[in-house]
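Just add 459 to the spot in the sequence shown (first one is 1) and you have the working numbering.
Note that CB positions come from ideal geometry on N, CA and C, so glycine has one too.
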Amino acid sequence: MNEILSRGLEDERHSGPTSKRSSFILVHHYIGRLAHHIRATKELHRDTKDLSHLLDSYAVCKIPAPSAVPPPIRDSHTNLRGILNRMFKHDDHEREMLEDGLLHLNKVAGIFENFLRQYDGSLLEVHAEIRLLEYFHKSQRSFAGEDRFIACSKPACLCCEMYFKYHPARVMVSSSHRKIWTKWSPPLVQHFNDESPAARQQKYILNKMTKDLREQVAIHILQHLPSKRWHPDSITNITDIRRFGISSDLPEVSGIESPETHPSTCTQVHQNRFNSPLEAEFSDTLVQKRTLMKVFVRKMGGFSFWQYLK
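Below is the structure:
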């Protein structure tokens with residue numbers, strides 16, 4: 460695996476930022492994903508030894524999926540200048556430069572043509588993290604150990620990350636791959652008007668998200684930045700798990716047992732951030748609990764299930 464990774468990194472050192480990913484890098488990633496199913500089972504078994512009290516009483520159930528907001532209707536204002544009008548004020552001192560930059564990017568990369576394709580019969584979707592967030596918030600569910608954390612089978616997208624950031628529930632997601640999914644949607648709020656608390660809350664969140672996105676778009680346009688190289692939205696889990704002392708060698712894929720990991724490994728990773736053994740012990744339990752929940756979600760098939768520990 461190290462040889463595959465080193466060859467992939469060597470390939471990408473000689474390629475441009477917009478080039479396709481090296482085949483070696485992709486092979487390294489996909490092998491890591493295949494091996495993860497074996498590692499996840501072992502990790503789940505190991506964590507249950509230390510956190511069995513969390514499994515004494517729990518329930519697993521499917522939650523209802525909220526409706527998505529209908530996609531906007533394409534009209535005569537659905538063009539580059541119309542997009543600028545919705546994103547930036549007319550008296551914005553950077554507006555002229557942004558318009559020139561956007562026209563340049565469209566000429567080079569054809570971004571507007573790709574943008575219009577999103578209006579062609581595409582249905583929007585509320586991502587699973589948002590479903591869980593809103594379900595817990597509206598139902599006033601309690602988090603296990605007051606740990607306001609939602610475990611996901613994959614890192615969150617950029618829009619989900621920002622939605623969590625500005626949501627009043629103050630819940631955390633594990634990480635974000637920071638990709639933008641054009642079919643992303645917030646939950647549909649019925650009777651969207653100023654008298655509705657849910658509508659006011661969602662309007663506040665979306666306004667904050669729009670402001671953040673506006674800043675990122677402006678930087679991207681003004682600096683004529685190319686699109687980032689494609690990267691997977693899942694974690695390879697070869698480099699990451701080495702931090703926790705879990706073997707990721709290829710023999711594990713073939714069923715050969717890897718060395719046992721001491722339960723205090725998680726504490727050793729984080730102990731320098733705490734001032735007392737009690738804080739470090741709390742960190743150990745918190746990290747192991749989150750690891751257990753993430754593995755549990757993955758083994759149950761992804762986002763569609765949530766675990767509520769009583």
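Can you give me the Cβ contacts of residue i inside the same chain, cut-off strictly under 6 Å, excluding the 5 residues immediately before and after it?
i       : result
Glu-620 : Ser-635
Arg-554 : Phe-547
Met-668 : Met-621
Phe-741 : For Phe-741, the pLDDT reaches just 39, beneath the cut-off of 50, and the residue's location in the model is therefore unreliable, although a value from the coordinates is still provided. Closer than 6 Å at the Cβ level, and outside the excluded window around Phe-741, lies no residue.
Tyr-625 : Ile-664 and Lys-667
Ile-430 : No answer is possible for residue 430: it lies beyond the span of the chain, which begins at 460 and ends at 769.
Asn-565 : Phe-571
Asn-461 : none
Ala-568 : none
Can the beta-carbon of residue i be found less than 8 Å from the beta-carbon of residue j?
i       : j       : result
Ile-639 : Leu-561 : no
Leu-583 : Ala-527 : yes
Pro-645 : Tyr-622 : yes
Cys-618 : Ser-633 : no
Ile-603 : Leu-510 : The amino acid occupying residue 603 in the given sequence is Ala; Ile does not appear at that position. No, these two residues do not count as a Cβ contact at 8 Å.
Gln-660 : Pro-627 : yes
His-797 : Trp-643 : As shown, the chain starts at 460 and ends at 769. That puts residue 797 outside it, with no answer to give.
Taking residue i as the reference, which of the options has the closest Cα?
i       : options                               : result
Gln-682 : His-563, Leu-592 and Phe-574          : His-563
Thr-537 : Ile-522, Ala-587, Arg-659 and Asn-573 : Asn-573
Val-648 : Lys-597, Asp-671, Leu-543 and Ser-601 : Lys-597
Arg-607 : Leu-592, Met-668 and Arg-545          : Leu-592
Cys-520 : Ile-678, Tyr-594, Gly-604 and Asn-652 : Tyr-594
Arg-673 : Lys-566, Ile-542 and Ile-609          : Ile-542
Ser-581 : Ser-482, Asn-652, Ile-532 and Glu-654 : Ile-532
Ser-482 : Ala-494, Ser-465 and Leu-493          : Ser-465
Ile-589 : Ala-615, Phe-602 and Gly-569          : Ala-615
Met-556 : Ile-570, Arg-540 and Phe-571          : Arg-540
Val-676 : Ile-570, Asp-506, Thr-507 and Ser-601 : Ile-570
Leu-575 : Thr-641, Ala-499, Pro-656 and His-495 : Thr-641
To which residues of the same chain is residue i closer than 7 Å at the C-beta, ignoring the five residues directly before and after it?
i       : result
Arg-629 : Arg-607
Phe-651 : Ala-658
Lys-508 : none
Gln-747 : Summary for Gln-747: the model assigns pLDDT 47, below 50, so the residue's position carries little reliability; its value from the coordinates is reported in the next sentence. Excluding sequence neighbours, Gln-747 sits near Asp-506, Asp-509, Leu-510 and Cys-725.
Ser-655 : Val-648
Ile-609 : Glu-588, Leu-591, Leu-592, Val-630 and Val-632
Asp-671 : Met-621
Tell me, which residues are paired with residue i by DSSP?
i       : result
Ala-527 : Pro-646
Glu-584 : Trp-643
Might you give, ordered along the chain, the residues of its own chain that have their beta carbon closer than 8 Å to the beta carbon of residue i, omitting 5 neighbours on each side?
i       : result
Glu-558 : Leu-539, Arg-540 and Leu-543
His-504 : none
Ser-601 : none
Every unbroken alpha helix (DSSP H) within the region 602 to 655, with a cutoff of 4 residues, ordered by chain: As summarised for the region 602 to 655, the continuous alpha helix (DSSP H) elements at least 4 residues long and confined to that stretch are 617 to 625, given in chain order.
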